[in-house]
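In UniProt numbering, the protein residues as written are 1 to 147. We treat Cβ as the ideally placed atom computed from N, Cα and C, and that holds for glycine. Right, one structure below, let's go through it.
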């Protein structure tokens, strides 16, 4: 059953990549055909100051990231266990990665993504029951924040 789920996940990833590649090729073709005016096909307000203000909304108005950061430094039992598990790794990096996982990850894959983040690059025993319990608790907390 797990192999079937992984296969479907890979198929979805390949389809998304193929779609992104097709879009990039179309943009490149339009650029070669129309020059810099191709931007007007893709951006409604190409003549405004969108480049100067790019990313301001994401940084300033990311309530989920703020909630995750506040939670990770709190005295909550789950937050304490997460900090103990992190060791020398950056709490801020974990918060950013958790927010990204939550935003772009599939609902069914979130537990796996969070578990992998907690395991870190060393990929300590991913089947560790304690790590899985911590990941489940953390996913529960993240679900509360995103409501």
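* Can you tell which of 82, 97, 104, 87 has the C-alpha that lies nearest to the C-alpha of residue 132? -> 82
* Asked: Considering only the beta carbon of each residue, do residue 95 and residue 134 sit closer than 8 Å?
  -> no
* When the Cα atoms are used, what is the spatial distance from residue 97 to residue 114? -> 9 Å
* Compute the Euclidean distance between the alpha carbons of residue 100 and residue 111, then round it to the nearest angstrom. => 13 Å
* Please report the residue range of the alpha helix (DSSP H) in which residue 104 lies. => 91-104
* **Beta-carbon proximity list for residue 139, same chain, < 8 Å, skipping 5 on both sides** => 110, 111, 114
* Asked: Which residues in the same chain as residue 92 place their Cβ atom closer than 8 Å to its Cβ, once the five residues preceding and following it in sequence are excluded?
  -> 69
* **Residue range of the alpha helix (DSSP H) that includes residue 137** => 129-145
* Asked: The alpha helix (DSSP H) with residue 85 in it runs from where to where?
  -> 77-86
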